[in-house]
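What follows is a short report on a single structure.
And the structure:
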């Protein structure tokens with residue numbers, strides 16, 4: 023396996039133009055001869071399928087939900103960045119590029135990031151023209167806000183539902199193409215394997231979740247926009263259905279998986295209330311602007327009501343440890359400190375499995391200073407959501423918060439064209455590893471998904487097809503196709519017929535999640551990772567022995583769906599830990615306790631300035647590592663400090 | 013099947029027909045009530061008013077034709093929508109709770125047919141087969157002196173009240189008149205029209221039963 | 566943070582497939598904490614069912630934070646259950662009392678055929694959007710975003726209408742199983758914006774025609790949809806849809822085709 027990034031050279035601001043000029047095209051009249059499969063219908067997949075269909079290609083789009091509009095992009099609250107500089111505050115494409123490279127802790131590819139910043143501008147134009155009701159100023163022009171500590175106001179938003187509105191824009195464009203007949207939509211259909219023929223991705227094997235029917239879909243190429251793998255932690259802010267299956271199956275067919283250990287933890291989520299908890303809910307980070315984070319100083323106070331703990335006995339640990347930034351330290355710093363204080367036995371809230379994992383986020387000072395009505399204006403909807411879930415009113419008692427995983431920077435390795443190491447297999451959005459390096463900035467996920475979907479893929483797909491011209495026809499009877507179907511059927515059969523069925527797949531998923539969260543979560547160390555690498559295979563074997571699925575595979579069976587996803591999380595989880603173990607440095611979302619300086623992440627550019635792309639070897643314990651060296655010509659690596 | 017679709021074939025169009033024909037009928041009901049106020053002025057005034065109307069055949073027959081048309085359209089649309097809406101539910105809920113529906117709205121499909129029967133009876137009673145042709149005042153008073161007949165009229169007018177309360181309110185919505193600033197007036201107006209017609213109409217049989225209007 | 570344990574009796578609609586007659590099945594939910602969400606309570610029951618070798622209750626769900634619109638069931642006669650402006654996934658057990666009996670039914674509408682248990686097929690909504698619920702704008706051909714100012718009030722109103730999550734509660738709650746609120750919200754969202762004007766006429770006609778073709782009932786202005794809507798989408802959009810339709814049908818030069826399939 024060879025990693026060729028296929029980046030154009032020359033001045034960074036001209037690279038994308040230059041690349042486009044030197045690429046192959048497919049003439050409009052020829053496009054309908056090509057069949058393209060797009061898996062996933064979120065921002066990246068929906069936008070790509072709609073745009074490719076509109077260009078004249080024959081597109082088949084797949085999603086596991088009952089409607090493409092329900093992909094988890096819909097849950098993004100905050101906003102989308104774009105270097106429009108409407109606020110005249112000195113923003114530019116270069117500055118967005120710079121911030122993104124730096125925010126990614128110098129582990130991303132400069133050319134990709136620059137292109138992302140350039141395209142951010144077009145995304146806003148496109149979305150506005152589609153009827154996305156962004157917030158506006160009284161003069162009728164678009165409003166912006168500053169997000170996640172950015173020094174400029176470049177974030178566009180639609181109330182707290184920016185992801186929803188952008189996804190509806192893409193969904194509407196997709197619906198138009200479905201009506202026009204250029205896109206054939208397959209909902210409630212899950213991709214379970216990739217068909218590779220003569221070294222090229224030529225189709226997928228799916229299971230219809232209504233009828234249980236397993237079938238092959240053959241095409242000229244495959245695009246995966248299937249999101250991230252945060253659910254490997256069991257508890258995350260992802261939707262229950264989010265899974266790694268599509269990308270993992272592709273990985274097993276030869277697509278390298280890059281930087282799996284780069285996962286992002288969001289510091290302000292509603293903590294787990296009990297062992298039955300099925301998911302965690304994110305609360306906007308903006309809450310830290312006015313809330314003060316604290317825990318009791320004394321262990322014996324953790325069960326007291328917060329109102330009964332005197333000021334002197336409260337430990338405002340972020341304010342004490344980081345006087346300059348206080349409660350506004352970056353996401354990873356805030357998250358890790360919450361972990362440390364709760365490790366010290368100072369966590370508050372209900373005990374779950376013998377631990378108290380929560381800290382207070384207190385608005386009492388802000389309410390005293392600004393008045394309840396101002397706070398209501400700023401955070402009313404968030405407070406309401408909190409109360410709906412916990413039954414407590416943040417106006418009266420401090421919120422309880424705790425970090426949770428909500429985004430994964432790692433994913434399928436792709437080159438500048440978003441092509442994986444399997445020819446003809448492309449990956450867009452959170453499913454690829456591309457633009458965020460080791461850490462993603464707030465309001466950048468929507469930007470990347472849409473840039474890939476609307477502007478990068480439609481072009482690079484054409485380049486690929488223009489290059490290969492005509493692919494030999496592939497029949498469903500070909501051994502490559504039959505084998506792929508057989509693999510899927512065999513796996514379903516194995517899941518349905520475990521030798522000693524005892525527990526539902528959720529049971530194993532929870533146990534796996536606990537291992538990954540404790541040992542490959544916010545804070546990692548060699549010992550813990552090695553332990554995890556011993557525990558995961560054992561648990562995986564137990565899973566395959568004891569997983570219990572009732573009912574039949576030939577009908578709608580949600581237990582079977584879940585079991586297949588959990589099985590893949592086991593293999594991915596192992597790779598995550600391996601990657602985290604191998605990366606002996608701390609950077610962005612990856613924090614190794616051995617590599618720190620006064621609590622700050624200590625990057626090792628000399629040895630680890632590379633993308634770790636893992637190749638499947640057939641043995642999950644021994645994947646092969648390939649390194650793509652990273653060079654920084656424009657943004658020179660520097661050290662982060664928030665003291 | 014592909015065919016050209018016209019407004020009245022859509023559910024919205026059918027509803028619009030119901031609203032407009034309903035408003036015609038409500039308009040008539042207001043006029044009808046105002047004319048009937050002559051009852052309080054005595055036999056001469058009442059019979060004179062009837063004579064006056066009969067003396068204007070174009071007005072009389074014009075109104076009758078318009079009403080016939082409005083009733084026909086109202087009933088045909090109602091029937092078509094009822095049939096469609098019934099099928100749209102499919103299977104019924106075992107447990108069902110209304111959150112917003114008021115009594116008037118819930119009983120439209122009952123108050124409508126009741127009203128139709130009442131109107132047929134009313135036409136037979138006073139217009140087609142009157143006991144004393146030409147003597148409107150006498151027919152009304154003699155009729156209402158019978159508690160059974162007065163009861164039928166009271167019941168019929170209560171049905172009318174409920175029906176037009178939801179009808180008027182609903183018609184605003186159907187013709188597209190919904191504006192947050194004026195929505196309160198919409199309900200007030202529906203209540204006012206409904207109250208005038210219903211209370212007014214109910215007053216006739218009650219006044220006769222109470223002996224306030226006599227022969 | 567008071568923590569209470571509930572014991573509940575659930576009567577759940579079980580239906581094996583679209584052609585199965587279906588029936589209620591009674592399950593006991595024991596030691597349910599008030600901090601659980603409603604769907605977590607079902608998760609707990611399902612895990613027990615699986616371990617006992619029985620079939621778990623199938624229900625749609627995904628984001629579990631009230632935005633994807635996947636979940637939806639009629640809980641004691643109310644779509645999404647007793648808490649206002651709340652989807653089933655955000656409903657928590659503290660809304661219930663120890664000893665409560667809970668009836669769980671799927672959305673019932675001819676336009677939403679039952680697939681299994683509490684899962685229904687909402688693809689009719691897809692086809693309504695496909696009929697015209699979009700602005701035709703070619704990728705890459707959009708003009709500069711700030712070229713066309715949109716009055717803040719219009720943008721805010723459009724956003725109010727665009728909050729719809731497409732869950733189908735409006736259909737489930739409507740006495741006529743009408744899809745008017747869903748259809749009207751999308752028509753209104755796009756007709757309120759200057760970008761949506763070019764296709765405004767055709768959009769209303771095509772979407773209403775599709776809504777009718779799917780077998781949904783008509784609107785009788787009861788307001789059940791608005792009351793059940795977890796996002797508070799307003800009845801006023803239905804009035805607006807009616808206005809849009811009349812306007813476009815009267816002005817149109819040629820009638821449109823019916824979309825019966």
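Protein chains in written order, with this note's numbering: chain A, 23 to 665; chain B, 13 to 227; chain C, 566 to 826.
Built from N, CA and C at the ideal position, the CB exists for glycine as well.
Residues of the stretch 637-650 of chain C with Cβ closer than 8 Å to any Cβ of chain B, in chain order: Answer set for the stretch 637-650 of chain C: 639, 641, 642 and 643.
Any idea which residues DSSP pairs residue 700 of chain C with across the strands? Under DSSP, residue 700 of chain C shares a beta bridge with no residue.
Pairwise C-alpha distance: residue 162 of chain A and residue 710 of chain C: Distance between the alpha carbons of residue 710 of chain C and residue 162 of chain A is about 11 Å.
Could you tell me which chain C residues have their CB closer than 8 Å to the CB of residue 108 of chain A, listed as they occur along the chain? By Cβ distance, chain C contributes 711.
Apart from the five residues just before and just after residue 199 of chain B, which ones in its own chain have a Cβ nearer than 7 Å to its Cβ? Here residue 199 of chain B has 181 as same chain residues with Cβ atoms under 7 Å from its own Cβ, once five neighbours each way along the sequence are excluded.
Beta carbon proximity, residue 566 of chain C to chain B, threshold 7 Å: Residue placement at residue 566 of chain C cannot be trusted, given a pLDDT of 45 that sits under 50; the coordinates are not used to answer.
Chain-order list of residues whose beta-carbon lies under 6 Å from that of residue 726 of chain C (same chain, five-residue window excluded): Sequence-distant partners of residue 726 of chain C (beyond 5 residues in either direction) whose C-beta falls short of 6 Å from its own C-beta, in its chain, are 750, 753, 754 and 802.
Less than 6 Å separating the Cβ of residue 111 of chain B from some heavy atom of the ligand ADP? Inclusion of the ligand ADP in the displayed structure is not the case, the ligand content being empty and no account of it being possible.
I'd like the list of long-range same chain contacts for residue 29 of chain A, defined as Cβ closer than 6 Å, with 5 residues on each side in sequence excluded. Counting only Cβ-Cβ distances below 6 Å, and skipping sequence neighbours, we find 133 and 438.
Distance, Cα to Cα, residue 334 of chain A vs residue 157 of chain A? C-alpha of residue 334 of chain A to C-alpha of residue 157 of chain A: approximately 43 Å in a straight line.
Which chain A residues sit within Cβ distance under 9 Å of residue 754 of chain C? The answer, in chain order, is 153, 155 and 190.
Just by C-beta distance, which residues in the stretch 582-616 of chain C are closer than 9 Å to chain B? Listed by position along the chain: 587 and 589.
Roughly how many angstroms separate the alpha carbons of residue 663 of chain A and residue 627 of chain C, rounded to a whole number? In this structure, the CA atom of residue 663 of chain A is about 39 Å from the CA atom of residue 627 of chain C.
As an exercise, report each continuous beta strand (DSSP E) stretch of at least 3 residues that is fully enclosed by the stretch 15-67 of chain B, in chain order. DSSP runs (the beta strand (DSSP E)) wholly in the stretch 15-67 of chain B: none.
Using a Cβ-Cβ cut-off of less than 9 Å, give me the residues of the stretch 259-275 of chain A that come near chain C, in sequence order. Here the close residues are 259, 260, 261, 262, 263 and 264.
Pairwise C-alpha distance: residue 447 of chain A and residue 441 of chain A: Approximately 6 Å, taken between the alpha carbons.
Selection of the stretch 766-794 of chain C by Cβ proximity to chain A, strictly under 8 Å: Within the stretch 766-794 of chain C, no residue has a Cβ lying closer than 8 Å to any Cβ of chain A.
Does chain C have any CB closer than 7 Å to the CB of residue 157 of chain B? With its beta carbon at least 7 Å from every one in chain C, residue 157 of chain B lies outside the interface.
So, is the C-beta of residue 679 of chain C closer than 7 Å to a C-beta in chain A? Not an interface residue.
With 9 Å as the C-beta to C-beta threshold (strictly closer), list the residues of the stretch 805-823 of chain C near chain A in chain order. Look at the stretch 805-823 of chain C: it has no residue with a C-beta under 9 Å from a C-beta of chain A.
When the Cα of residue 358 of chain A is compared with those of A:381, A:346 and A:370, which residue comes out closest? Selection A:381, A:346 and A:370 evaluated against residue 358 of chain A yields A:381 as nearest (Cα-Cα).
Could you tell me whether the stretch 223-237 of chain A touches the stretch 110-120 of chain A, where touching means 3 or more Cβ pairs closer than 8 Å? Taking 8 Å as the limit for Cβ pairs, the verdict is that the stretch 110-120 of chain A does not touch the stretch 223-237 of chain A.
Give a yes or no on whether the minimum CB-CB distance between residue 111 of chain B and chain C is below 7 Å. Residue 111 of chain B counts as touching chain C.
Beta-carbon separation of residue 188 of chain B and residue 774 of chain C under 7 Å? No, these two residues do not count as a Cβ contact at 7 Å.
Can you list, in chain order, the residues of its chain whose CB lies under 8 Å from that of residue 153 of chain A, leaving out five sequence neighbours each side? Contacts found: 191 and 194.
Interface partners of residue 87 of chain A on chain C, CB under 7 Å: Going along chain C in sequence order, the residues near residue 87 of chain A (Cβ under 7 Å) are 627 and 635.
Reference residue 182 of chain A; option with closest CA among A:506, A:264 and A:306: A:306 is the residue among A:506, A:264 and A:306 whose C-alpha sits nearest the C-alpha of residue 182 of chain A.
What's the C-alpha gap between residue 97 of chain B and residue 779 of chain C? The alpha-carbon atoms of residue 97 of chain B and residue 779 of chain C are separated by roughly 12 Å.
With three or more beta-carbon pairs closer than 8 Å as the criterion, would you say the stretch 335-354 of chain A touches the stretch 406-420 of chain A? Contact between the stretch 335-354 of chain A and the stretch 406-420 of chain A is absent: fewer than 3 CB-CB pairs across the two stretches fall below 8 Å.
Can you confirm whether the stretch 588-595 of chain A touches the stretch 606-624 of chain A when touching is taken to mean that 3 or more C-beta pairs between the two stretches lie within less than 8 Å? With a cut-off of 8 Å, the stretch 588-595 of chain A and the stretch 606-624 of chain A do not count as touching, because too few Cβ pairs lie within range.
So residue 16 of chain A is in the beta strand (DSSP E); what residue range does that whole segment cover? Because chain A spans 23 through 665 in this model, residue 16 of chain A falls outside it and cannot be assessed.
Delimiting residues of the alpha helix (DSSP H) encompassing residue 121 of chain A: For residue 121 of chain A, the enclosing alpha helix (DSSP H) covers residues 115-125.
Out of B:107, B:117, B:142 and B:127, which has the shortest C-alpha to C-alpha gap to residue 179 of chain B? Among B:107, B:117, B:142 and B:127, the Cα nearest to that of residue 179 of chain B is on B:117.
With DSSP collapsed to three states, give me the class of residue 428 of chain A. Correct three-state label for residue 428 of chain A: strand.
Would residue 396 of chain A and residue 250 of chain A qualify as a contact pair, given that the criterion is a beta-carbon distance under 7 Å? No, they are not a contact pair.
Just mark residue 207 of chain A as buried or exposed, buried being the case when its beta carbon has 16 or more other beta carbons within 10 Å. By the neighbour-count rule (16 or more Cβ atoms within 10 Å), residue 207 of chain A is buried.
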